[in-house]
Structures are given as C-alpha cells and as structure tokens.
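Presented below is the structure to which this report refers.
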Amino acid sequence: MGPICWPRRRSAGRRLHGPLPRDPRWTARRSSQSRCSRCTALSCSSTSSRTWLDATCRGSGLRAARSGVHTEHHRQRSYGTEADPEYFPYGRRRPILILISLGASLLAPLALAVRFGVLAPVSWIVPPLGRMVRERASALAINPRFVRLAPISAAGRVEEAAACAVVWMAVSLWWNGHLPTSALACWAATVAVASGVNAVRTLAAHRYDRDEGELRKIDQLVDSCTIDGGRGRRMLIIGHTLVAPLGLRFHALHHWIPSLPYHNLGRAHRRLVATLGGDAPYRATVERGFSPLLRDLVRRSRRSRL
Numbered sequence: 001m002g003p004i005c006w007p008r009r010r011s012a013g014r015r016l017h018g019p020l021p022r023d024p025r026w027t028a029r030r031s032s033q034s035r036c037s038r039c040t041a042l043s044c045s046s047t048s049s050r051t052w053l054d055a056t057c058r059g060s061g062l063r064a065a066r067s068g069v070h071t072e073h074h075r076q077r078s079y080g081t082e083a084d085p086e087y088f089p090y091g092r093r094r095p096i097l098i099l100i101s102l103g104a105s106l107l108a109p110l111a112l113a114v115r116f117g118v119l120a121p122v123s124w125i126v127p128p129l130g131r132m133v134r135e136r137a138s139a140l141a142i143n144p145r146f147v148r149l150a151p152i153s154a155a156g157r158v159e160e161a162a163a164c165a166v167v168w169m170a171v172s173l174w175w176n177g178h179l180p181t182s183a184l185a186c187w188a189a190t191v192a193v194a195s196g197v198n199a200v201r202t203l204a205a206h207r208y209d210r211d212e213g214e215l216r217k218i219d220q221l222v223d224s225c226t227i228d229g230g231r232g233r234r235m236l237i238i239g240h241t242l243v244a245p246l247g248l249r250f251h252a253l254h255h256w257i258p259s260l261p262y263h264n265l266g267r268a269h270r271r272l273v274a275t276l277g278g279d280a281p282y283r284a285t286v287e288r289g290f291s292p293l294l295r296d297l298v299r300r301s302r303r304s305r306l
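Taking this note's numbering, the leading residue of the sequence shown gets 1, the next gets one more, and so forth.
Structure (structure tokens):
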C-alpha cells in the first residue's frame, strides 16, 4: 500500500480572506480560538481538497459561500453551537425539521436565482441590505441560527458579480426566445438533485445530538460518522460512493485530521481499522450504510419534544 499524501503545513501568516475590512466580531472570534496539537482548525479549509460539491459550486457563487464558513465547523469552540454553520441538533428536535431541511434543499435553483439575481445587485446599492445578505444569505449552512461574520473576499465579490451576470443573461436569452425553457428546467433539475443528495449525505455526517457547550476533540470524533459497507458488498459500496464520493463518507476521519486530502481518507481509514483495537473510539463512528444512520436520527428525533 502506497504512502499517504500529507499536505504541506499552511504558513501561520497566510491570510484566509481578502483585503476587505473585517467584522470586529469575526476578528475577536478568531483571536480567541485555541490551537489543538492534533488538529489546528485554521489549517482546515474547503479549498484544501476539491469535492464534488465544489465542482457544482463553480460558476454559481456557492464556493464563495463556503469560504470562511467551513472553518467554523471545525473550530473546537464553535462545533455544535450556534456559531457552527454546518451543524444543527436534529436529534433533539422534531422530525418535521428534518423534512423541512430536505425540502428546502430541493429549492436550491430558486434560492440561487433570487440570491444572485435579485439580492446581490440590490445589496450593492443599499448597504444595510448588503450586511444582511452577507450575514444571513452568504453561507452554505444548515443551521438557521448561524450569522456569518467572516468578510467576503475580493475573489468572492467577483464570483458574486459573475453569478449575477449569468442569472440575468439567462433570463434575457430565455425572454427573447434564444434559451429554451427545457434547458432551464434541465439546469434546475440537476441543481435540485445535487442539492438533495448533498442534504441526505449531510444528515448522515454527524449524530446531531449536541446543542450547546464546547466539546473535546475526541467528542467531536465520536459525534461524527464513517460509512463503511465492507469490501464484500460491491453494489453497496458503489451506492455509497455515488452519494458521497472522494472520501466524503469518512467524515469522522476528516474531523480528526482535517488537513488530510479527501482522496486519501479511504486509505487512512483502512489502515486505522487494521491497526486499532476493538475499543478504540474511532470504531464507534463506523456504520454500514446511510440507512442505519438516517433511521437512528429519525428515531432520536421522534423521542424529542422540542
């Protein structure tokens, strides 16, 4: 088995965002974070390795919505709290919220058109609306309580303007009969399906039982999930790979070593399983498929009265 490719350590002085003014709350939050000897959250970025979602995001402005946001999901002081954009305690809430989350993901085409075709140009003219759009409509998040404090970089501004131009170009071409309605419908269906599949994968990424308080790194690991159907179930593995390709199903390992590239997570997982003892905490994260995780999440949610 070949060596695992470990990424180079990021320079401590490298800026994660552009030269735009930063929100004081964002600066204060970053300065108060402690660095873990095993995993530094500042080294984890959605750009450390390109996933299938990044490919969907290119040209739509969504990649800018992840910049400066995904790192909050890995910070020890924000994981599982209101400051975590990618975590919501579904296991402690009513099942209807799970259905709302899945249903909302299917409205991604409409949300993208409104966000970049309407809100973006108006926010450039109305500063108060611009702040609201940055805080509430500029993050790829599942947590409705999350407020984005990270500034949008210069590259993100360019992507936002480009996405706005694409929206209005498509509308103009469709209005003048140069773009068939079937083409728009095909695009909308593709984005809706990709968003829906990603929503299902996201629901199986964690236990979603944490509601408040800072967690230790080991607790974050146990709260995360690993999908491993076993080598003897080829069709099951193919299905898991289609839903969560490029190592996305090894989410617990991604949280333990966030700087490890996604394409090496599978190899690292197999080495860990072959060497760890039976009582190792990492083994508690392993499930045989998405269905057991989703059923368990719904079962815990049905017991909740919140």
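Note that the Cβ used here is the ideal one computed from N, Cα and C, for glycine as well.
- Note on W256: 16 or more other CB atoms within 10 angstroms of its CB, so buried under the neighbour-count rule.
- For D219, there are no CB contacts under 7 Å within the same chain when 5 residues up- and downstream are skipped.
- In the structure shown, the three-state DSSP call for H178 is coil.
- Taking a 10 Å sphere around the C-beta of I100, we find fewer than 16 other C-beta atoms and assign the residue as exposed.
- If only uninterrupted alpha helix (DSSP H) runs of at least 4 residues are considered, those enclosed by the stretch 188 to 267 are 217 to 223, 234 to 243, 251 to 256.
- Taken through DSSP and simplified to helix, strand or coil, E287 comes out as strand.
- Under the three-state reduction of DSSP, P127 is assigned to helix.
- At a Cβ-Cβ threshold of 8 Å, V191 and A108 count as neighbours.
- In this structure the stretch 199 to 213 touches the stretch 73 to 86; the number of beta carbon pairs closer than 8 Å is three or more.
- Counting only the Cα atoms, A280 lies some 35 Å from A139.
- If you check the CB distance, A204 and F88 do not come in under 8 Å.
- Assigned with DSSP and collapsed to three states, L106 falls in coil, not helix or strand.
- When rounded, the separation of the alpha-carbon atoms in V197 and P128 is 34 Å.
- In the structure shown, V171 falls within a helical segment according to DSSP collapsed to helix, strand and coil.
- For a cut-off of 8 Å, the C-beta gap from G130 to W124 is around 7 Å, short enough to register as a contact.
- A244 and P258 have their C-alpha atoms roughly 17 Å apart.
- Your pair S301 and I142 does not check out as a contact, with CB atoms roughly 14 Å apart and the cut at 8 Å.
- Contact between T226 and H269 holds, with the beta-carbon distance rounding to 7 Å and staying under 8 Å.
- In this structure, S304 places its C-beta atom within 8 Å of the C-beta atom of R93.
- Excluding residues up to 5 positions away in sequence, G229 lie with their Cβ nearer than 6 Å to the Cβ of R288 in the same chain.
- Secondary structure note for T71: its alpha helix (DSSP H) is the uninterrupted segment 70 to 74.
- In the displayed model, A185 falls within a helix according to three-state DSSP.
- Within the same chain, Cβ atoms closer than 7 Å to the Cβ of H251 are found at A205, S224, C225, T226, the five residues on either side in sequence being excluded.
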